[in-house]
Amino acid sequence: MKHSRSRLLAISCLLLAAAGGHSSSRPHYGGTARVLLQYRVNSIDPAAEEDHPATRDRMARLTFETLTQVDPQGRVHPRLASSWRPDPAKRVWQLRLRLASFHDGTTVTAADVVASLKNAEPGWRYTATDRQTVTIETPSPITQMPELLAVEKFAVVKRLPDGTLLGTGPYRLSQWHPGEHALFTANEDYWGGRSYPDSIEFQMGAGLREQLLQRQLGPYAAAELTPDGIRTLDQSGQEVLLSRPADLLVILFLQPDNAGVAGRKKPIDPRLRQALSSAMDRDAISNAMLQKKGSPASGLLPQWLTGYEFLLDSAFDRARARKLAADAGLGVPSPPISLAYDFSDPVAKLVAERIAFDASQAGITVRPYGESHVNSKSAQASMNADAVLLRLPLASLEPSVALAALAGDLGLAPETASSALQAVRPEDLLQAERKALENFRVLPVAHVSQALWLNANAHNWQQLPNGLWDLDQLWVEGVR
Amino acid sequence: MSLKTKLLLLVALSVAASVGAVAWLIEARTHETFRQIEQERTTALVNQFRREFEHEGDEITRGVDTIANSDSMLRLAIDLSNGSDYASHVNEAIGYASAQRLDFLDLIAPDGATISSAHWPARFGYKQRWFLEPGAPRPQPAFLRHVETPQGSVLALLCLRPVHTHGPDFYLIGGRRLDTTVLGSLFPAEGLRVSIYSAPEQGPAEILGAASGVPSENLMPLIQKVMDQHGEASASIEWGPELQQEQIVHAIALPGYSDRVPAVLLVANSLERETALEKSVAKVSLLIAGVGVLLGIIGGGFVAARLSRPIKKLARAAAEIGQGNWDVRVEPGSQDEIGKLASAFNQMTQELITQRERLVQSERVAAWRELARRLAHELKNPLFPLQITVENLLRARENTPEQFDEVFRESTATLLEEVANLKTIIGRFSDFSRMPAPQLQAVDLDELIRGVVQLVQGQLARGPARIETELQLGDLPAVSGDPVLLRRVVENLVLNAIDAMPQGGKLTFRTELDHANGLKHGSAVFELADTGQGLTPEECGRLFTPYYTTKQHGTGLGLAIVQSVVSDHGGQISVTSAKNQGTTFHIELPLWGEQVVSI
């Protein structure tokens, strides 16, 4: 009897707890989700050049929508475009727009979309067939046009004469302090329905130490993490979201082989670049420097995305590196290679130092140094470094689109992007990637995961495999 | 150099030498004292550095011990020895190093692989085996060693500690940078500079601290010496061109983990103050020496003047006596040696005058005797025929008148001839006694000689022995002289030469200008050389003595007259001759315009 009473009491408690738990897991409107971003962003415009485009895109996705979108499984879904239809040659694509309005209340028209796409990709031909239909004509066939249009670069932006940018997304930009702070408030008239939180607030450029303090003390819903912070949080039982190792950590040699630009340094000998590739202990970089939150990269696209990366050769071979370096220097010590890295990225610093250390063991002198701007083309053009260590986001879960985007980011020959977009089989893509890597101007180092600390009061925070956030279903609990 | 100048120099040099010796002694003593002070200051600073070194080493040892003995490190080591992934601990060392204020901290696996490096996390996996080598010491206290960093090799004070587990030991190597901050904490005394020469096994050496700007070639010999000897040494070193200072540098080898010396402590002591003081002493010495020399010159001048004045008077008096002024006297002035010298001089002068007067008297007597002898000789010759003639006349009175008349005519003729002869002799003596004073005017000596030669040319050519003449005239300017007397001189010499060449010969007339006789315009030189039988040196010495002659019928007055005339013209005559090689008369006459001094 006594046992029966106890069992009854326990069951009652469990039911009460379950009832309470059920009520707290139910989405509800309101609240502000505060997010700490590691890097500073100066412009929210998806078409503008930006040092940290992935960070910018995370915010831009809230207010600017693409015509299509890709789900975590890589499947394409309609967004601003309700349907699309290609011609048999896949050169002409006709897209039908859904009925949506910009944040100023004006309806999205085909003309608005054409104007926005022209700004993103001037090389194509756009036609507003009618008020709701847009036709895109490309010089060469593009099989994955819907996936390509899901890239944030092709987000539809209405640019007003006073410089204001208007989007159609679930949040409208209420406050913007470049490099510091951004506040997005819920768009009540969003075609997909109002989002749960009243607003999402971003704090940019928060250092690791500050992040940790804020996480413990402040009401933040989420914060970007560097790999060294992950372990600490893991040990304390905090929730950490990890993307697939998607970002590409890559060395880009800035001077092309045939560079003859006055004032620039001599291009680095291809044998020396190959020697540096062989000298890098990518396993040590991934395991130790990136705390296993990355994978050694031998190609531009990660193995999990393409399945063929292992076919690309990037074996660590110090003896071979020494020989190549000696051949390049013809018996004379090779000239030092200055390697710029992102000053604000502690991981980049660590990896650059490891590369320099590995290189020194092979008789190659690499001098890493921090630069405040490394990613943008304009910054690279004015840089005096021989090479730069870049961290490039995986723009799409569609390999060909992702490779084309990387080719653009790395300033590779246009043929690389076009052959990627025309690739039908994985072998074609592998061939395109091999072609891009054959002159060792681009040395893949690692694929890096993106890490995010998530507060327990933030729910339905979706992170795509490539690290992009899908906050359509986000709701926050008990935060005002 | 005068006596006064010599005395002055002697006094000045004596004073300068004395002052210089005193200054040198003072400077040497100052130098020695400074060296002692410098040695003491250096020793104090080196001891201070050693204390700081030991203190820093103790702190590092304490810090590394704390980490090695901590529970967390022990747990970590056990986890690692149980197979925990090294890579996940790559950043462990940073926190430990920060907590213990260590600049460097490496967590090292039993095989030497770096698990975590606080100062260079990128070195993960790199094997350090220098402390694992067989026989390598495991020092308890801290030691010096170079640590590799991304910026290069850095000198550090390190401590090595094992972390014991149930399996092989893990190791901790921690330490701090030994740089200018440590040196700055020493607060060296003024003038002292502390530096450390850091010599990594790989890469360039560098000098940390005050000597960083000093050219390494100045310091390297000293540094190499102490590194080779593992000891200490000192040397005087130029402290760079911009400082232009000489420094005494003490170099002390700082021991490291192995036999190789990783660093050398350099303590430089500026000699600036010493140099300044030495310069000051030198200046004062120079000033004192200058004043001493000045006073020496003044005092020496005064003393030299007092000493040399009576000597000068003596010298002047002696010169006047040399010039014939026998009346000069020197005042003794004092009773010292100079006064006695003056008295002796006066006495000597008086004695000389007395001797001279006696000599003159005796010469006069001798001259009169000679004159009497010559007169007796000259007059005796005609008197003998006169006596014979008169005696013949007396005897002729006993003959017939016709015979008497004839004897009378012959005797009277002889008497007249001998009386005339006597008159001639008396006339010559009269001429010698009445030698006229020369009426000086400009005389063309060359022309005068040509006239004489032209006059005697015919006589020479007509004679039984042929005598040639040769003129080597030097186009002389006019001489100062009396043309009549000078002509008589030349004629006398020519007649004398003709007498010297009874077998014929050659007469050479030579004139030239002589500038080497002290006269303003120089003098004219006339030489007459014959090729006669020549004279002996004894004959040459007496040739100009009146009434001395080597000829059978000479009066011995010709050359005496010549000498008298030349002397009256302010000139000089001399003769050079050798037996059977002829004789040359040499006459010097002043040029017209020269002041003529008759001797």
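First to last, the protein sequences are chains A and B. Here the numbering used here is used: position 270 in the first sequence is 273, and no number is missing along the way. Here the numbering used here is used: position 40 in the second sequence is 675, and no number is missing along the way. Think of the CB as a built atom: it goes at the ideal place given N, C-alpha and C, for glycine as much as any other residue. Note that this is a predicted model, so its numbers are computed, not measured.
- Any Cβ of chain B closer than 8 Å to the Cβ of ARG325(A) would place that residue at the interface, and such an atom is absent.
- Taking C-alpha positions only, ASP700(B) is separated from SER733(B) by approximately 15 Å.
- Across the stretch 747 to 780 of chain B, CB contacts with chain A closer than 8 Å involve TRP755, PRO756, ALA757, ARG758, PHE759, GLY760, TYR761, in sequence order along the chain.
- Your pair ARG357(A) and ALA405(A) does not check out as a contact, with CB atoms roughly 26 Å apart and the cut at 8 Å.
- Interface residue (Cβ-Cβ distance to chain B less than 8 Å): LYS121(A) is not classified as such.
- Listed in chain order, the non-local C-beta contacts of THR110(A) below 6 Å within the same chain comprise SER104, local neighbours out to five positions each way being set aside.
- By the C-beta density criterion, ALA410(A) is buried, having at least 16 other C-beta atoms within 10 angstroms.
- CYS794(B) is the residue among LEU1142(B), PHE980(B), SER653(B), CYS794(B) whose C-alpha sits nearest the C-alpha of PRO776(B).
- Among the CB atoms of chain A, none fall inside 8 Å of the CB of PRO839(B).
- The beta carbons of PRO89(A) and MET148(A) sit closer together than 8 Å.
- Listed along chain B, no residue sits closer than 9 Å to LYS296(A) by beta-carbon distance, the nearest being about 11 Å off.
- For ASN981(B), the enclosing alpha helix (DSSP H) stretches over residues 972 to 1031.
- Under a criterion of Cβ atoms nearer than 8 Å, the residues of chain B adjacent to GLU356(A) are, in order, TRP755, PRO756, ALA757, PRO785.
- With a 10 Å radius around the Cβ and a threshold of 16 neighbouring Cβ atoms, SER452(A) comes out buried.
- Shown in chain order are the members of the stretch 713 to 739 of chain B whose Cβ falls below 7 Å from a Cβ of chain A: ALA722, SER723, VAL725, ASN726.
- Residue state for LYS161(A) is assigned as strand, using DSSP reduced to three classes.
- Here DSSP, grouped into helix, strand and coil, assigns ALA791(B) to strand.
- For PHE684(B), the enclosing alpha helix (DSSP H) covers residues 638 to 704.
- With a beta-carbon spacing of about 5 Å, LEU742(B) and ILE750(B) fall inside the 8 Å limit used to define contacts.
- In the structure shown, HIS724(B) falls within a helical segment according to DSSP collapsed to helix, strand and coil.
- Chain B places a beta carbon closer than 8 Å to that of ARG234(A), counting this residue as a contact.
- Judged by their CB atoms, LEU40(A) and MET207(A) are nearer to each other than the 8 Å cut-off.
- Annotated as proximal: TRP194(A) and ARG101(A), with beta-carbon spacing under 8 Å.
- Sequence-ordered contacts of the stretch 335 to 357 of chain A with chain B read LEU353, GLU356, ARG357 [C-beta pairs closer than 7 Å].
- Ranked by Cα distance from LEU342(A), the options TYR372(A), MET62(A), VAL479(A), HIS184(A) are led by TYR372(A).
- Along the length of the stretch 1092 to 1165 of chain B, whole alpha helix (DSSP H) runs at least 4 residues long occupy 1118 to 1135, reported in chain order.
- Sequence-distant Cβ neighbours of ARG437(A) in its own chain, meaning closer than 8 Å and more than five residues away, are LEU315.
- For GLN277(A), the enclosing alpha helix (DSSP H) begins and ends at 273 to 282.
- Here LYS296(A) is buried, its C-beta having at least 16 other C-beta atoms within 10 Å.
- Non-local C-beta neighbours of VAL1087(B) in its own chain, meaning closer than 8 Å and more than five positions away in sequence, comprise ARG1122, VAL1125, GLU1126, VAL1129, ordered along the chain.
- Using a Cβ-Cβ cut-off of 8 Å, ALA57(A) does not count as an interface residue toward chain B, since no Cβ of chain B sits closer than that to its own.
- Beta bridge pairing from DSSP links GLY844(B) with SER830(B).
- In this structure, PHE443(A) keeps its C-beta atom at 8 Å or more from the C-beta atom of SER337(A).
- Annotation: Cβ neighbours of ASN290(A) in chain B (cutoff 7 Å, chain order): ALA722.
- At a Cβ-Cβ threshold of 8 Å, VAL154(A) and ALA423(A) do not count as neighbours.
- ASN463(A) and GLU191(A) have their C-alpha atoms roughly 20 Å apart.
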